Amino acid sequence: MSPSRHSLLDDALEMSRRMAELGDAEDWDAVIALEPERRLLLEQAFATHAPADEFVAERVRAILDLDKRLMARSIAARDRVAEELGRSSRGRKAAGAYHAANV
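And the structure:
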């Protein structure tokens, strides 16, 4: 017997919570590793075109809220990495100019 839509959504919600916690800890490799399994749970939950009840709507809202949290964390991490890369690039350029001037 296949799992019910409610069970699949509960599992997807729990996985979304775990992914958000991992994002808070900036463990992006673990977040990425969990995403395919979560996607599969969601695909299975919505494979049938049965109408959504309030339980489904509540779970979907909670998952979307966690996704927003995770997205905000990932954007902040991306921006930090971009800033660090920019500083590193400027440092290499300055060092290169210094060495070129002393040749």
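The opening residue of the sequence shown carries number 460 in my numbering; numbering runs sequentially from there. For each residue, glycine too, the CB sits at the ideal point set by N, CA and C. Since the model is a prediction, treat every value here as computed from it, not as a measurement.
Tell me, please, whether the segment 517-530 touches the segment 477-485 by the rule of three or more beta-carbon pairs shorter than 8 Å.
Touching, yes.
Kindly indicate which three-state DSSP category E494 falls into: helix, strand or coil?
If DSSP states are grouped into helix, strand and coil, E494 belongs with the helices.
What is the DSSP secondary structure of D526, reduced to helix, strand or coil?
Assigned with DSSP and collapsed to three states, D526 falls in helix.
I need the straight-line Cα distance from P462 to I534, nearest angstrom please.
Approximately 34 Å between the Cα atoms of the pair.
Boundaries (first-last residue) of the alpha helix (DSSP H) holding D469:
Per DSSP, the unbroken alpha helix (DSSP H) holding D469 starts and ends at 464-483.
Kindly list the residues whose CB is nearer than 6 Å to the CB of G545, restricted to its own chain and excluding five residues on each side of it in sequence; keep chain order.
Take G545, set aside five residues on each side of it, and no residue of its chain has a beta-carbon closer than 6 Å to its own.
Taking only three categories from DSSP, how would you classify S461?
Of the three classes helix, strand and coil, the one that applies to S461 here is coil, per DSSP.
Whole-angstrom Cβ separation of L523 and R476, contact assumed at under 8 Å?
Your pair L523 and R476 does not check out as a contact, with CB atoms roughly 13 Å apart and the cut at 8 Å.
Buried versus exposed call for R464 [16 or more other C-beta atoms within 10 Å across all chains shown]:
Buried, since its Cβ has 16 or more Cβ neighbours within 10 Å.
Under a three-way DSSP split, which group does F505 fall into?
In this structure, F505 counts as coil in the three-state DSSP scheme.
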